[in-house]
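Take any residue in the sequence shown, note its place counting from 1, add 137, and you have its number in our numbering.
I have placed the structure first, in the form of structure tokens, so that the comments after it can refer back to it.
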Amino acid sequence: MKPVYFVKLAGRLSRVSEWYSSYISGIIKGMKIVVLAGGPAASFETYLAQSGDIAHTYFVGVDRGAYRLMRAGFPVNLAIGDFDSLNSEEFEAVSAYADELHQSPAEKDDTDLELAMLTVAAHFKKIDEILILGGIGGRFDHGIQIFYLVLQKRFAELVEKIRLIDGQNVIQFVGPGRHQIVKNPSMTYLAFASLTPVSNFLIKDAKYELDRTDFERNFSLSSNEFIDEQPVTISFTAGIVSIIQSKDL
């Protein structure tokens, strides 16, 4: 664990310059966003180190997530939240370290994560993916609220860009169409859960296939598997479906 230092002006200007380059890159070809929330995220350092080009990633720390990013040595391009989980010394350290900090009141209409998503959407016209870590695996009410985030109309354009990630699960969301699912090498099982009624849902090339089926109510189809790691295809004509790859501990 790296010690916390207050950032000197030269170092801070360097980080801002790097962020600006990433910002321009995000306008031109799309930005990768990493959001670390305040929930359980025991192995987030390893996951982020293996997840691609950190230099072209925009890091958002939500509440205590900002402090955890800083302590792990990652950039904090945006720190956002009411920061009620930080003591005064920790908050001062985050304030000095983060490129940008938005402090919200404790009582508000939006959650800290919703505020983070709104800010990111306003910052970048093109977003390739949004990885949310520390959002699931803790309090159930927090987890289910984040799971249903994609149903909010204001986030409609982000639905297929969002990934919810913890030590056992990688969850993505898709709308109508044909989708090919590639196996995550760290995961074992494949499941589908709808967030709305779904029409003509089909599964091909999985251990358990499904002919076109209409679901008038939300459904969950769990414990499916890939066959020899070949891609699985799903398709449907209406609705929103989550794709869940998971493993046992």
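We put the CB at the ideal spot given by N, CA and C, even for glycine.
Given 8 Å, three or more beta-carbon pairs between the region 314 to 327 and the region 367 to 384:
Result yes; three or more Cβ-Cβ pairs closer than 8 Å.
Ile-283, DSSP secondary structure in three states:
Looking at Ile-283 - three-state DSSP - the assignment turns out to be helix.
Start and end residues, beta strand (DSSP E) containing Thr-183:
Careful: Thr-183 lies outside any beta strand (DSSP E), inside the alpha helix (DSSP H) at 181 to 187.
Measure the C-alpha to C-alpha separation of Phe-363 and Asp-236 and round it to an integer number of angstroms.
Distance between the alpha carbons of Phe-363 and Asp-236 is about 42 Å.
Between which two residues does the alpha helix (DSSP H) carrying Val-172 extend?
It is not in any alpha helix (DSSP H) - Val-172 instead sits in the beta strand (DSSP E) that spans 168 to 173.
What's the call for Thr-183, buried or exposed, on a 16-neighbour Cβ count within 10 Å?
Classification for Thr-183: exposed.
Measure from the alpha carbon of Glu-244 to the alpha carbon of each residue in Ala-230, Phe-220, Ala-330, Glu-227, then state which is nearest.
Nearest C-alpha to Glu-244: Phe-220.
If you reduce the DSSP assignment to three classes, tell me which class Ser-323 lands in.
It is coil, neither helix nor strand.
Just the C-alpha distance for Met-207 and Gly-275, rounded to the nearest angstrom, thanks.
Going by the C-alpha atoms only, they are around 21 Å apart.
Name the one or two DSSP bridge partners that Arg-205 has.
DSSP lists no partner for Arg-205.
Proximity to Thr-194 [Cα-Cα], best of Gly-280, Phe-211, Ala-233, Asn-224:
The shortest Cα separation from Thr-194 among Gly-280, Phe-211, Ala-233, Asn-224 belongs to Phe-211.
Could you have a look at Val-213 and say whether DSSP puts it in helix, strand or coil?
Val-213 falls in the coil class under three-state DSSP.
Within the same chain, show all residues whose beta-carbon is closer than 6 Å to that of Gln-305, passing over the 5 residues directly before and after it, in chain order.
Correct list, in chain order: Ser-383, Lys-384.
Buried/exposed call for Ala-203, threshold 16 Cβ in 10 Å
Buried, since its Cβ has 16 or more Cβ neighbours within 10 Å.
Consider the Cβ of Ala-216: report whether some Cβ of chain B lies at a distance smaller than 9 Å.
Reference to chain B is not applicable here, since this structure consists of a single protein chain.
So Leu-295 packs on Ala-330, CB below 8 Å; how close in whole Å?
Not really, about 19 Å apart at Cβ, beyond 8 Å.
In this structure, how does DSSP classify Ile-161 when only helix, strand and coil are distinguished?
Since pLDDT at Ile-161 reaches only 49, below the 50 mark, its modelled position is unreliable, and no value is offered.
Tell me which same chain residues have a C-beta within less than 8 Å of the C-beta of Asp-342, skipping the five on either side of it?
Within the same chain, Ile-364, Gln-367, Pro-368, Val-369, Thr-370 come within 8 Å of Asp-342 by CB-CB distance, once the 5 residues on both sides are set aside.
Compare the Cα-Cα distances from Phe-356 to each of Tyr-345, Asp-348, Phe-338 and report the closest residue.
Checking every option, the nearest Cα to that of Phe-356 belongs to Phe-338.
If Ala-375 and Val-335 are in contact, beta carbons under 8 Å, what's the gap, nearest whole angstrom?
7 Å between Cβ atoms; contact.
Roughly how many angstroms lie between the CA atoms of Phe-352 and Glu-297, to the nearest whole one?
Each residue's alpha carbon lies about 21 Å from the other.
With 16 other CB atoms within 10 Å as the buried threshold, where does Asn-224 fall?
Asn-224 is exposed by the Cβ-count criterion.
Sorted by chain position, which residues of the same chain lie with C-beta nearer than 7 Å to Asp-249's C-beta, five sequence neighbours on each side aside?
Cβ neighbours of Asp-249 beyond the five flanking positions: Val-199, Asp-200, Ile-217, Gly-218, Asp-219, Ser-241.
Could you check how far apart the C-beta atoms of Asp-303 and Ile-273 are, in whole angstroms? I think they sit under 8 Å.
Indeed, because the Cβ distance is near 5 Å, the residues count as touching under 8 Å.
Buried versus exposed, by CB contacts within 10 Å (16 or more), Gly-314:
By the 10 Å Cβ count, Gly-314 comes out exposed.
CA-to-CA distance, Lys-262 to Ile-165, given in whole angstroms
Note that Ile-165 scores 42 on pLDDT, short of 50, meaning its location in the model is unreliable and no value can be drawn from it.
Assumed close pair Thr-256, His-239 - CB separation to whole angstroms, cut-off 8 Å
Sure, about 7 Å apart at Cβ, within 8 Å.
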